[in-house]
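What follows is a single structure, written as structure tokens, with notes after it.
Protein chains in written order, with my numbering: chain A, 678 to 851; chain B, -3 to 72.
Rendered as structure tokens:
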């Protein structure tokens, strides 16, 4: 299937690449179908792209990219909403905001996007932790790790994202 | 919306396991104590508003912005 995106034009994805966010993203509650896109020209960020609204996409980063000890505690209702079975791991992505001065960029640790990569269900979970800021500065931390990131990119596994194949249909990374 | 009047020290029970107590009344401020199971998420409403605001800001980021970050990171 084809989805239209403002940033990347028309992107071909498979039905199985879709990520359903039944409760929506806060402030965008009517959008339920997303896909995680990887821009081959950008080795750092991925995009949580709406399949219904071309212009709605959020730059996301896995917290491991800029900190080593991030933990989002999920409660029972979070796990149920995500369809996570007992002991099943989920993946966390944080939404990033980039102001005009990019060195002031921040990640939202308070409300990560938690993904059940098997069932492809996600939820923006508002964590109860008090030490999770909504605007956590990440530029310096990202800088420290970027050489490592560049060396390892783009091998994240198990992947839930779709690599944008410019000109050709996108293939899901396995 | 259900509206109840409570005095200092009085409380409201929600379901079987949630209790909200008026702990202090000072001018225009009310301090509430909340007893709830560990699973219950309790946030000031502003938290949700701030997250919405942050999501909106993030949705305005363009793919040029993220590439700009990548080149900034590489440079330094």
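Here a beta-carbon is modelled for each residue, glycine too, at the ideal position from N, C-alpha and C. For clarity, every value in this text was computed on a predicted model and none was experimentally measured.
{"query": "Backbone CA spacing between residue 648 of chain A and residue 765 of chain A [nearest angstrom]", "result": "What the structure shows of chain A is the stretch from 678 to 851, and residue 648 of chain A is not part of that stretch, so it cannot be assessed."}
{"query": "Validate contact between the region -3 to 4 of chain B and the region 760 to 775 of chain A using beta carbons, cut 8 Å, 3 pairs", "result": "no"}
{"query": "Residue 667 of chain A, DSSP secondary structure in three states", "result": "What the structure shows of chain A is the stretch from 678 to 851, and residue 667 of chain A is not part of that stretch, so it cannot be assessed."}
{"query": "Minimum Cβ-Cβ distance from residue 801 of chain A to chain B less than 9 Å", "result": "yes"}
{"query": "Identified DSSP bridge partners for residue 821 of chain A", "result": "Looking at the DSSP assignment, residue 821 of chain A forms no beta bridge with any residue, so it has no partner."}
{"query": "Environment of residue 834 of chain A [buried if 16+ CB atoms lie within 10 Å]", "result": "Confidence in residue 834 of chain A is poor, its pLDDT being 48 and thus under 50, which makes the residue's placement unreliable; the coordinate value appears in the next sentence. The residue in question, residue 834 of chain A, is exposed, as its Cβ has fewer than 16 Cβ neighbours within 10 Å."}
{"query": "Chain B contact for residue 693 of chain A (CB, 9 Å cutoff)", "result": "no"}
{"query": "Closest residue to residue 742 of chain A among A:816, A:839, A:842 (Cα-Cα distance)", "result": "A:816"}
{"query": "Where residue 736 of chain A meets chain B, residues with beta-carbon distance less than 8 Å", "result": "54, 57, 61, 62"}
{"query": "Environment of residue 807 of chain A [buried if 16+ CB atoms lie within 10 Å]", "result": "exposed"}
{"query": "Start and end residues, alpha helix (DSSP H) containing residue 754 of chain A", "result": "753 to 759"}
{"query": "Identified DSSP bridge partners for residue 688 of chain A", "result": "A:680"}
{"query": "Pairwise C-alpha distance: residue 784 of chain A and residue 12 of chain B", "result": "37 Å"}
{"query": "Residue 801 of chain A burial status per 10 Å Cβ neighbour count (16 or more: buried)", "result": "buried"}
{"query": "Neighbour flag for residue 842 of chain A against chain B, beta carbons, 9 Å", "result": "no"}
{"query": "Strand pairing of residue 813 of chain A, partner residues [DSSP]", "result": "A:784"}
{"query": "Under the three-state DSSP convention, the category residue 19 of chain B falls into", "result": "strand"}
{"query": "Neighbour list for residue 42 of chain B in chain A, Cβ cutoff strictly below 9 Å", "result": "The premise fails here: residue 42 of chain B is roughly 10 Å from chain A at the closest Cβ pair, so nothing lies under 9 Å."}
{"query": "Alpha-carbon to alpha-carbon, residue 60 of chain B and residue 751 of chain A", "result": "34 Å"}
{"query": "Cβ-Cβ distance between residue 696 of chain A and residue 797 of chain A below 9 Å", "result": "yes"}
{"query": "Whole-angstrom distance between residue 64 of chain B and residue 29 of chain B, CA atom to CA atom", "result": "47 Å"}
{"query": "Straight-line gap, residue 713 of chain A to residue 794 of chain A (C-alpha atoms, nearest Å)", "result": "11 Å"}
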